[in-house]
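Trainee:
Protein chains: 2
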Amino acid sequence: MPITPRTLSGFKDKLPHEAYAKSKMIKSLIESFESFGFPPIETPHLEYAEILKKQGSDEIQKEMYHFKDHGDREVALRFDLTVPLARFLAQYKNELGLPFKRYCIGNVFRGERAQRGRYREFTQCDFDILGTNSIGADCEIIQVIYASLKNLGLENFTININNRKIFNGLCSYLSLENQVVEILRIIDKIDKIGLDSVKLELSEKLKLNDKDIEFLIDFLNIKQEGCTNGIFTKLEKYKILDSKLQEGIAELEELCNLLENIIPSKNYKINLSIARGLGYYTGIIYETTLDDLQDLGSVCSGGRYDNLISNFSSDNISGVGASIGLDRLLAGLESLQLIKANNPANAIIIPLNNLKYAYKIAKNLRENGLNIEVYGEVVKPKKSLQYANNKNYKWAIILGEEEEKTNTLTLKNMLDGSQNTETIESTLSILNNCGK
Amino acid sequence: MPITPRTLSGFKDKLPHEAYAKSKMIKSLIESFESFGFPPIETPHLEYAEILKKQGSDEIQKEMYHFKDHGDREVALRFDLTVPLARFLAQYKNELGLPFKRYCIGNVFRGERAQRGRYREFTQCDFDILGTNSIGADCEIIQVIYASLKNLGLENFTININNRKIFNGLCSYLSLENQVVEILRIIDKIDKIGLDSVKLELSEKLKLNDKDIEFLIDFLNIKQEGCTNGIFTKLEKYKILDSKLQEGIAELEELCNLLENIIPSKNYKINLSIARGLGYYTGIIYETTLDDLQDLGSVCSGGRYDNLISNFSSDNISGVGASIGLDRLLAGLESLQLIKANNPANAIIIPLNNLKYAYKIAKNLRENGLNIEVYGEVVKPKKSLQYANNKNYKWAIILGEEEEKTNTLTLKNMLDGSQNTETIESTLSILNNCGK
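From first to last, the protein sequence lines are chains Y and U. If you're matching positions, the first sequence starts at 1 in UniProt numbering and goes up one per residue. If you're matching positions, the second sequence starts at 1 in UniProt numbering and goes up one per residue.
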């Protein structure tokens, strides 16, 4: 009795064109990370449940896949790459030395309620610098974000930068420090629900008085300035209100000074309303939006966090890092036509009578840098050309007796049906210039 | 109370230098697969347990990680990439079309008894052509193996080729068809235990008579010939004995004819004693050994199998594929010094007083194709140079006031301690030519 072939609910296969587009994107990202000297690390998908428990939000804890293994150990599938990084760093810190930089691209698992576009297994892509308080590290992570997106062909994107210390300082000045998390949660929705609804929620849900709300809103409006110098002039008057506030603003000034002329000014800005979720971050934070696809949300977010390894060690190691939302970024690249879900090969060879000659020509073209598929059987051309067509090949190379005799090949444009007799050299030149 | 940071028993972290070497190897393999037009696919790490059950050996079934998920579904972690491929093909075959080529690199899980060098999570790397009986497909997989190893810098390796039909035919001729599996299991050990022990086991364990044993051993000795033409002359007399035997020999002849001049003759040979495990394979099979590291065992094995998707569908889809043992191959490459476990960066910049200037120079060098790490904080050079030393950097670029003023940089060779004043241009030329 055959078993119905099906994917587990909430999980997804990637068909060749999807997997190939993702693989091209990841290749480019790896090159960017490595150009800054970040090496990869790998940790297992499975960990002792104890390592992953009591970390992440309550929701994530509920969604964790955990079970007993063959040795009756409580084990769990990782739900992010940050907790394994903390465990890794605590375990090898003497060997690794500090500061420690690494990137990691890997799959994580969360048994979320099934919803459109959200899967229970997805790929995370993180890069972090651990063990340094230098604003240089914050600056470098932002440079890596810039380089990663730039190398993918993106030009119009904005890295929005803020500092959690500023908002914490403001709340402290207003004696609202016990409500910081709730206030942040509401302000975080400003782009979705608008300023008026934010005011209303601050007043009705959190019972903030009008004066405090106006003070907060006035502050958040500063983001409209855009210009980096202008913004620090406006922030000057807040510096004296609270020491945390002062520290946060000073850090942003230092960061902006470091970034100037290192990455183009149009690609980053101070945005005092971004909050970057809850808990976790303690210093400079950032979110990256594609200017032409604002609705997509942030494609790369991150920030500074204190005390990463506190669950595993009494050492205090802080760090700064960011995470690229791979699926979201891929959707953005596809929508901007910066990545095409196509074939890895530039052309397909269709042998009409001599498979061996097809392999010979393919070998020659590959040695000259092209990717070449061979239809590996002599069949009626109708069948092999149909295959080429189904795979969306633009170019088919047809090899028959005549071509073999004259040492030529017939290059067929599958889009318009035209075909010409070519040499190896002219084919190389056409295929190298005309894309796939 | 801190939790002891530790990896699950039988699992392994990859430290930066290990993960980087593996990532370089995988990048090269992907380029090789894609040069033949193979696209990647991705399937989830988790599947319905039903999909994975009753497949693979009894041992693998016992080692499978399975549990109930949040929705009370019986789920399991994949133990190979072949069963998910069968499920995938059965599920999407109309969409994908045949023949279907793909590669897949991913982690699989087996709760094996812990033993040296064997882990419960490891990476598999498979490439297959499904849905064609053409010997062209067998030939192409062998070409991909050759190209993959060649592109990794290997020259001296041998793809040992055999055909299961030949041995099945021999046993059938001797009326030993019911003992084929047991005989193969013993012959498979020929390289480990030697010819005499094989004879003894065939006689004592399987009760084969001396005449049949001599006949089998005579046959296996043919492998000593080496030369492709010579071997087929020797095989001529066996052709008439059995139709399967004849078919198997004819297929090998066709394959050798296709391979001639496509891959160098020193890199493949007919080896009638390889058996490639049990069950599963039904036609041409191969194992690849590194000539300079015979003890390593096969780094890439595969063959033809019938009826891949029989558990999921009544359609009969055969295929041919191979699997690279990534960990073993990596060990081989490292041992032959063809891959070095080092830093992704060519050099590290040590800023003595101006971090911003360091970023500027780094940016310039990166734009010229170098990978450059920056020590992201102005500290005492003793500390930053120690960091560079710990990370085994050969080159450090030291930037102080003098360098900034004169638009130069100090390039320090960390191995011999020598240092010189250089320009950006001369540094580029040195670093591009001198390796890391």
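We put the CB at the ideal spot given by N, CA and C, even for glycine. It should be emphasised that the depicted structure is a prediction, and the values quoted were computed from it without experimental measurement.
(1) Give the residues of chain Y in contact with residue 11 of chain U, contact being defined as C-beta atoms less than 7 angstroms apart.
(2) Just curious, the alpha helix (DSSP H) that residue 93 of chain Y is in, first and last residue?
(3) Cβ closer than 8 angstroms: which chain U residues qualify as neighbours of residue 159 of chain Y?
(4) Classify residue 193 of chain Y as buried or exposed, calling it buried when 16 or more other Cβ atoms lie within 10 Å of its own Cβ.
(5) Please name the residue or residues paired with residue 125 of chain U in a DSSP beta bridge.
(6) Within this structure, are the beta carbons of residue 41 of chain U and residue 88 of chain U separated by less than 8 angstroms?
(7) By the 8 angstroms beta-carbon criterion, what residues does the segment 335-353 of chain U contribute toward chain Y?
(8) In three-state terms, what does DSSP make of residue 265 of chain Y?
(9) Please return the same chain residues whose Cβ sits closer than 7 angstroms to the Cβ of residue 305 of chain Y, not counting the five positions on each side in sequence.
(10) Where does residue 2 of chain U sit, in a helix, a strand or coil, going by DSSP?
(11) If we cut at 8 angstroms on Cβ distances, does residue 215 of chain Y have a partner in chain U?
(12) What whole-angstrom Cβ distance do residue 355 of chain U and residue 379 of chain U have, given they're in contact under 8 angstroms?
(13) Mapping DSSP to helix, strand and coil, what is residue 40 of chain Y?
(14) Distance, Cα to Cα, residue 264 of chain Y vs residue 71 of chain Y?
(15) So what's residue 379 of chain U in DSSP terms, helix, strand or just coil?
(16) Among the residues of its own chain, which have a CB less than 7 angstroms from the CB of residue 404 of chain U, if the five just before and after it don't count?
(17) Could you say which of Y/159, Y/220 and Y/184 lies nearest to residue 206 of chain Y if we only look at CA atoms?
(18) Assuming residue 397 of chain U contacts residue 427 of chain U under a Cβ cut-off of 8 angstroms, what Cβ separation, rounded to an integer in Å, is found between them?
(19) Take every Cβ of the segment 157-173 of chain U, pair it with every Cβ of the segment 242-249 of chain U, and state whether three or more of those distances are shorter than 8 angstroms.
(20) From residue 45 of chain Y to residue 138 of chain U, what does the alpha carbon distance come to, in whole angstroms?
(21) Span of the beta strand (DSSP E) holding residue 302 of chain U?
(22) Taking 8 angstroms as the threshold (beta carbon to beta carbon), is residue 36 of chain Y in contact with chain U?
(23) Can you give me the Cβ contacts of residue 215 of chain U inside the same chain, cut-off strictly under 7 angstroms, excluding the 5 residues immediately before and after it?
(24) What are the residues in the segment 302-328 of chain U lying within 9 angstroms of chain Y by C-beta distance?
(25) Taking 8 angstroms as the CB-CB limit, is residue 363 of chain Y close to chain U?
(26) Between the Cα of residue 400 of chain U and the Cα atoms of U/65, U/409, U/251 and U/179, which residue gives the shortest distance?
(27) Does residue 390 of chain Y pass the burial test, meaning 16 or more other C-beta atoms within 10 Å, or should it be called exposed?
(28) Between the segment 131-150 of chain U and chain Y, which residues of the former have CB atoms less than 8 angstroms from a CB of the latter, in chain order?
(29) Quick check: is the beta carbon of residue 88 of chain U nearer than 8 angstroms to any beta carbon in chain Y?
(30) On the CB-based measure, 16 or more other CB atoms within 10 Å of its CB, does residue 4 of chain U come out buried or exposed?
(31) Leaving out the 5 sequence neighbours to the left and right, which residues in its chain are closer than 6 angstroms to residue 98 of chain U when beta-carbon positions are compared?
(32) Quick one: residues in its chain with C-beta nearer than 7 angstroms to the C-beta of residue 273 of chain Y, no 5 flanking neighbours on either side, listed in chain order?
(33) Using DSSP with H/G/I as helix, E/B as strand and the rest coil, what is residue 347 of chain Y?
(34) Who are residue 412 of chain U's beta bridge partners in DSSP?
(35) Looking at residue 21 of chain Y and residue 253 of chain Y, is the spacing between their C-beta atoms short of 8 angstroms?
(36) For residue 427 of chain Y, report the span of its alpha helix (DSSP H) as first-last.
Mentor: Taking the coordinates as given:
(1) Locating residue 11 of chain U in the second sequence gives position 11, counting from the first residue. Within 7 angstroms Cβ-Cβ: 44 and 46.
(2) Here residue 93 of chain Y refers to the residue found at position 93 when the first sequence is read from its first residue. Segment 82-96, the alpha helix (DSSP H) holding residue 93 of chain Y.
(3) For this step, residue 159 of chain Y is matched to residue 159 along the first sequence. Result: empty, since nearest Cβ-Cβ is about 15 angstroms, beyond 8 angstroms.
(4) One-based indexing of the first sequence puts residue 193 of chain Y at position 193. So residue 193 of chain Y counts as exposed.
(5) Position 125 of the second sequence, counted from the start, is the residue given in the question as residue 125 of chain U. Paired residues: U/105 and U/324.
(6) Stepping through the second sequence from its first residue, residue 41 of chain U is reached at position 41. Stepping through the second sequence from its first residue, residue 88 of chain U is reached at position 88. Contact flag set, yes.
(7) 343, 344, 345 and 348
(8) Along the first sequence, read from residue 1 onward, the residue named residue 265 of chain Y stands at position 265. Helix.
(9) Translated into the one-based positions of the first sequence, residue 305 of chain Y becomes position 305. Taken in chain order, the residues that qualify are 280, 281, 282, 318 and 319.
(10) Here the question's residue 2 of chain U lines up with position 2 in the second sequence. It is coil, neither helix nor strand.
(11) Along the first sequence, one-based indexing puts residue 215 of chain Y at 215. Answer no: the Cβ-Cβ gap between residue 215 of chain Y and chain U never drops below 8 angstroms.
(12) As a position in the second sequence, residue 355 of chain U is number 355, starting the count at 1. As a position in the second sequence, residue 379 of chain U is number 379, starting the count at 1. That belief does not hold up - the Cβ atoms of residue 355 of chain U and residue 379 of chain U are roughly 10 angstroms apart, past 8 angstroms.
(13) Within the first sequence, residue 40 of chain Y is the residue found at index 40, counting from 1. Residue state, collapsed to three classes: strand.
(14) Taking the first sequence and counting its residues from 1, the one referred to as residue 264 of chain Y is at position 264. Taking the first sequence and counting its residues from 1, the one referred to as residue 71 of chain Y is at position 71. If you take the alpha carbons of residue 264 of chain Y and residue 71 of chain Y, they lie about 55 angstroms apart.
(15) Taking the second sequence and counting its residues from 1, one reaches residue 379 of chain U at position 379. Of the three classes helix, strand and coil, the one that applies to residue 379 of chain U here is coil, per DSSP.
(16) Position 404 of the second sequence holds residue 404 of chain U. Answer for residue 404 of chain U: 354 and 357, listed in chain order.
(17) If you number the first sequence from 1, residue 206 of chain Y lands on position 206. The shortest C-alpha separation from residue 206 of chain Y is found at Y/184.
(18) For the purposes of this step, residue 397 of chain U is identified with residue 397 of the second sequence, where counting begins at 1. For the purposes of this step, residue 427 of chain U is identified with residue 427 of the second sequence, where counting begins at 1. That belief holds up - the Cβ atoms of residue 397 of chain U and residue 427 of chain U are roughly 7 angstroms apart, short of 8 angstroms.
(19) yes
(20) Numbered from its first residue, the first sequence carries residue 45 of chain Y at position 45. Numbered from its first residue, the second sequence carries residue 138 of chain U at position 138. Going by the C-alpha atoms only, they are around 34 angstroms apart.
(21) Taking the first residue of the second sequence as 1, we reach residue 302 of chain U at position 302. Note, residue 302 of chain U: beta strand (DSSP E), 300-305.
(22) As a working mapping, residue 36 of chain Y is identified with position 36 in the first sequence. At least one chain U Cβ lies under 8 angstroms of residue 36 of chain Y.
(23) Start at 1 with the first residue of the second sequence, and residue 215 of chain U comes out as number 215. Counting only Cβ-Cβ distances below 7 angstroms, and skipping sequence neighbours, we find 174.
(24) 309, 310, 311, 312, 313 and 314
(25) To locate residue 363 of chain Y, count along the first sequence from 1; it is residue 363. Answer yes: the Cβ-Cβ gap between residue 363 of chain Y and chain U drops below 8 angstroms somewhere.
(26) Within the second sequence, numbered from 1, the residue matching residue 400 of chain U stands at position 400. Per the Cα distances, U/409.
(27) One-based indexing of the first sequence puts residue 390 of chain Y at position 390. Under this definition residue 390 of chain Y is an exposed residue.
(28) 132, 134, 136, 137, 139, 140, 143 and 147
(29) The sequence position of residue 88 of chain U within the second sequence is 88, counting from 1. So yes, residue 88 of chain U belongs to the interface.
(30) As a working note, residue 4 of chain U is residue 4 in the second sequence. So residue 4 of chain U counts as exposed.
(31) To locate residue 98 of chain U, count along the second sequence from 1; it is residue 98. So the qualifying residues of the chain are 131.
(32) Against the first sequence, residue 273 of chain Y aligns to sequence position 273. Cβ within range, chain order: 187, 190, 220 and 223.
(33) As a working note, residue 347 of chain Y is residue 347 in the first sequence. If DSSP states are grouped into helix, strand and coil, residue 347 of chain Y belongs with the strands.
(34) Against the second sequence, residue 412 of chain U aligns to sequence position 412. Note: residue 412 of chain U sits in a beta bridge opposite U/396 and U/419.
(35) Residue 253 of chain Y sits at position 253 when you count from the first residue of the first sequence. Residue 21 of chain Y sits at position 21 when you count from the first residue of the first sequence. No, Cβ-Cβ distance for residue 253 of chain Y and residue 21 of chain Y is not below 8 angstroms.
(36) The sequence position of residue 427 of chain Y within the first sequence is 427, counting from 1. Residue 427 of chain Y -> alpha helix (DSSP H) spans 424-434.
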